[in-house]
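Report on the structure given below.
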Amino acid sequence: MPIETKGGTSAIVVGLNTDRRSVLKDESSLEELELLARTAGFRPIIQRLYRKERIDPANYLGCGKARDIRLITRENDIEAVILDFELSPVQIRNLKDIIKKRIVPRTELILEIFAQRARTKEAKLQVELATLIYSLPRLRHMWPHLGRIAGGIGAKGPGEKQIEMDKRRIRKRIAKIKTELVSVSKHRMTMRKNRQSKFKAALVGYTNAGKSSVLNVLSHSSLFTENRLFATLDPATREVWLGENTTMLVTDTVGFIKDLPPTLIDSFRSTLEEVKEADLLLHAVDISNHDALERIQAVDTVLKEIGAAEIPVLYVFNKVDLLERRDTKALLLSRYDDHVVISAKTKEGIDTMKHVLLQRYKEMKALHLARACGSPSVLLQQNEMSPV
Ligand SMILES: Nc1nc2c(ncn2[C@@H]2O[C@H](COP(=O)(O)OP(=O)(O)OP(=O)(O)O)[C@@H](O)[C@H]2O)c(=O)[nH]1
Ligand SMILES: [Mg+2]
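Residues 1 to 388 in this note's numbering are what the sequence shown lists, from first letter to last.
Rendered as structure tokens:
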């Protein structure tokens, strides 16, 4: 999935293979990092996967490798060093002292993409909150970035006194954003209450799996889709006609990624509530991706973290039109038997998917009615299912 990037800050992307992971996994992680870098507007021109048995506590990579990177950056006019791992603030400082270029750890890259992509007030507040919390112990190093996001912070230069003042201002700003987010999420809660009696599904999945495209095909909508990471940050809900006088609500939301920064998960909690309240999760998977299995597991990890692990799941194996290796498909299908195989592009399998959803709806309705027998709080009431 190559992404063209013209211009942008030239960068080297760097991974470190230790005994804890296979080279293959680290290579594909580095590929993803390069894609993240391009999405954030960098121009990665060199990729390096170093090998080291144990990480160096002082600067993570060790002095020899750090000097090697310094040489590469000088010889190739590279301005930024993007790292596929998370370092402590002190390690970043030490590494920067050797390399003398901008150091961008993976988390910072993801935060940068979210900051660029946020459109609504809620998304902007959530991203700002995540960035500020992440930046507190890293103020000195994150200077240029903060100047942009938190207007004025870091304006005067990195003296100790200034840093202390900035920390106070950031803490105040964090408290203010949290209050603002509560009132924004109240509005979302009211909207959700209005939909409580409907059968609700949420599309979840790794970023770029095709979630928005699937919802577009199911509901004949035109949500924004793009061959870049994190095209969607704000949830969008559409009514999907299943036939037999039945509709369901499907919500598309922010995509996940492996090692999604915890501060982002925390900050996006109100957005992710949409997922938690679904009756059914539609876990979209790009079946043509060679890391499909790892990606499914990464998504499951996030689902667990947000408390959505108990919701029934239908696996939606998308992009079947791109699938080259039939054995990938066979492996995935045998592991996850509750699935549909589709292509949002060619519409292959979409009718089957709607049929499966209708069956699910009927089963769940029967289950809820049986459970709620005698109770006034029937979750799914037939008369609430509005035909389109
Ligand atoms: N060939 C092919 N491409 C697809 C299919 N479904 C989606 N795409 C493409 O994959 C890219 C990502 O699709 P999106 O729908 O934006 O993916 P997403 O999961 O919503 O991504 P994020 O919002 O970034 O997490 C777009 O370029 C789509 O056109 C498919 O079935 N086949
Ligand atoms: Mg999307």
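Each residue gets a CB set at the ideal place from its N, CA and C atoms; glycine is no exception. The structure displayed is predicted, hence computed values, not measured ones.
Item to check | Residues near residue 345 in its chain [Cβ-Cβ closer than 6 angstroms; skip 5 each side] | outcome: To locate residue 345, count along the sequence shown from 1; it is residue 345. Cβ neighbours of residue 345 beyond the five flanking positions: 321.
Next on the checklist: Taking the alpha-carbon of residue 110 as reference, which of 363, 41, 119 has the nearest alpha-carbon?
Outcome noted: Indexing the sequence shown from 1 puts residue 110 at position 110. Considering only alpha carbons, the answer is 41.
Checklist entry - Who are the near neighbours of residue 148 in its chain, counting only those whose CB is closer than 7 angstroms to its CB and skipping five residues on each side? => result Taking the first residue of the sequence shown as position 1, residue 148 is located at position 148. Low confidence applies to residue 148: its pLDDT is 49, below 50, so where it sits in the model is not reliable, and the reading given next is rough at best. Same-chain partners within the cutoff: there are none.
Checklist entry - How many Å lie between residue 112 and residue 342 at the Cα? => result As a working note, residue 112 is residue 112 in the sequence shown. As a working note, residue 342 is residue 342 in the sequence shown. Our two residues, residue 112 and residue 342, have alpha carbons roughly 32 angstroms apart in a direct line.
Checklist entry - What is the C-beta distance between residue 317 and residue 299, in whole angstroms, given that I count them as a contact (C-beta under 8 angstroms)? => result Walking along the sequence shown from the start, residue 317 turns up at place 317. Walking along the sequence shown from the start, residue 299 turns up at place 299. With 8 angstroms as the limit, residue 317 and residue 299 do not qualify as a contact, their Cβ atoms being about 13 angstroms apart.
Checklist entry - Should residue 212 be counted as a contact of ligand 2 given a C-beta to heavy atom distance under 6 angstroms? => result The residue you call residue 212 lines up with position 212 of the sequence shown. Within the cutoff, so yes.
Checklist entry - residue 336 to residue 315, Cα distance in whole Å? => result Looking up residue 336 in the sequence shown gives position 336. Looking up residue 315 in the sequence shown gives position 315. In a straight line, the C-alpha of residue 336 is about 7 angstroms away from that of residue 315.
Next on the checklist: Nearest by alpha-carbon distance to residue 198: which of 237, 221, 231 is it?
Outcome noted: Translated into the one-based positions of the sequence shown, residue 198 becomes position 198. Cα-wise, what sits closest to residue 198 is 237.
Checklist entry - Heavy atom of ligand 4 less than 6 angstroms from the Cβ of residue 232, yes or no? => result Among the ligands present in this structure, namely ligand 1 and ligand 2, ligand 4 is not found.
Item to check | Where residue 48 falls: helix, strand or coil (DSSP) | outcome: On the sequence shown, position 48 is the one that residue 48 refers to. Three-state result, residue 48: strand.
Checklist entry - Just to confirm, are residue 34 and residue 13 a CB contact at a threshold of 7 angstroms? => result To locate residue 34, count along the sequence shown from 1; it is residue 34. To locate residue 13, count along the sequence shown from 1; it is residue 13. Closer than 7 angstroms, so yes.
Item to check | Local conformation of residue 231 per DSSP, three classes | outcome: Position 231 of the sequence shown, counted from the first residue, corresponds to residue 231. Looking at residue 231 - three-state DSSP - the assignment turns out to be coil, as it is neither helix nor strand.
Item to check | Pairwise C-alpha distance: residue 89 and residue 124 | outcome: To locate residue 124, count along the sequence shown from 1; it is residue 124. To locate residue 89, count along the sequence shown from 1; it is residue 89. The straight-line gap from Cα to Cα measures roughly 25 angstroms.
Next on the checklist: Less than 7 angstroms between the C-beta atoms of residue 309 and residue 200, yes or no?
Outcome noted: Counting from one through the sequence shown, the residue named residue 309 turns up at place 309. Counting from one through the sequence shown, the residue named residue 200 turns up at place 200. Going by C-beta atoms, residue 309 is not nearer than 7 angstroms to residue 200.
Checklist entry - At a cut of 8 angstroms, does the segment 168–186 reach the segment 118–134 through at least three beta carbon pairs? => result yes
Checklist entry - Is residue 345 near ligand 1, going by C-beta to nearest heavy atom under 6 angstroms? => result For this step, residue 345 is matched to residue 345 along the sequence shown. Because some heavy atom of ligand 1 lies under 6 angstroms away, the Cβ of residue 345 counts as near it: yes.
Item to check | residue 232 to residue 286 span [Cα, whole Å] | outcome: In the sequence shown, the residue the question calls residue 232 occupies position 232. In the sequence shown, the residue the question calls residue 286 occupies position 286. Rounded to whole angstroms, residue 232 to residue 286 spans 16 angstroms at the Cα level.
Checklist entry - Taking just the CA atoms, how far does residue 202 sit from residue 282? => result Working through the sequence shown from its first residue, we reach residue 282 at position 282. Working through the sequence shown from its first residue, we reach residue 202 at position 202. Taking the straight line joining both Cα atoms gives about 6 angstroms.
Next on the checklist: Does the distance between the C-beta of residue 8 and the nearest non-hydrogen atom of ligand 1 fall short of 6 angstroms?
Outcome noted: Taking the first residue of the sequence shown as 1, we reach residue 8 at position 8. For ligand 1, not one heavy atom lies less than 6 angstroms from the Cβ of residue 8.
Next on the checklist: I need the DSSP call for residue 187, collapsed to helix, strand or coil.
Outcome noted: Residue 187 sits at position 187 when you count from the first residue of the sequence shown. Reduced to three states, the DSSP call for residue 187 is helix.
Item to check | Nearest neighbour of residue 207, chosen from 363, 26, 302 [CA to CA] | outcome: Along the sequence shown, read from residue 1 onward, the residue named residue 207 stands at position 207. When the alpha-carbon of residue 207 is set against those of 363, 26, 302, the nearest one is in 302.
Checklist entry - So the beta strand (DSSP E) residue 255 belongs to, where does it begin and stop? => result In the sequence shown, residue 255 corresponds to position 255, counting from 1. Taken as a continuous stretch (DSSP letters only), residue 255 belongs to no beta strand (DSSP E), as it is neither H nor E.
Item to check | Assigned exposure category for residue 77 - 16 Cβ within 10 Å defines buried | outcome: Along the sequence shown, read from residue 1 onward, the residue named residue 77 stands at position 77. So residue 77 ends up on the exposed side.
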